[in-house]
Amino acid sequence: MIVSIVDDDENVRLATCNFLRSLGCDVRGYPSAEAFLDSGCLGDVGCVISDVQMSGMNGIEMQRKLKERNSPLPIIFISAFGSNTMRNEALENGALCFLDKPVNGGVLIAYLEKVSRNLL
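With the UniProt record's numbering applied, the sequence shown corresponds to residues 1 to 120, in that order.
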């Protein structure tokens, strides 16, 4: 399963990518929602881990764009600044979960395992 990491904070993106690679995941990192949406790889992605607050398009807008394209991928949102309004909107629109930064690695792994089981 390919996991796409979408985060405009390079340090967070690289750390998340490295963590998931250490677990054997096939990971692709993107510095923005726009870069991810324009990647041409949406059909290959099994799960998206995305920040919510990013410059340009935010994670919630990216989620809407994916739905408009009939690509409702499982999304794990992470945020240091998420409001209850954003959290509720993300979950109502089908996000798998909405986690606060810093993210507990064990919790993240549990959600990825859930996605992986549903893809089999």
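Even for Gly, the Cβ is constructed at its ideal location relative to N, Cα and C.
Applying the criterion that 16 or more other CB atoms from any shown protein chain within 10 Å of the CB defines a buried residue, is residue 14 buried or exposed? Taking all protein chains shown into account, residue 14 has fewer than 16 neighbouring C-beta atoms within 10 Å of its C-beta and is therefore exposed.
With a threshold of 8 angstroms, are at least 3 pairs of Cβ atoms found where one atom belongs to the region 51-60 and the other to the region 86-106? Yes, the region 51-60 touches the region 86-106.
Bridge partners of residue 75, per DSSP? Per the DSSP secondary-structure output, residue 75 pairs in a beta bridge with 48.
What is the DSSP secondary structure of residue 98, reduced to helix, strand or coil? Secondary structure at residue 98: strand, using DSSP grouped into helix, strand and coil.
With distance defined between alpha-carbon atoms, name the residue in 20, 116, 117, 56 nearest to residue 33. Considering only alpha carbons, the answer is 56.
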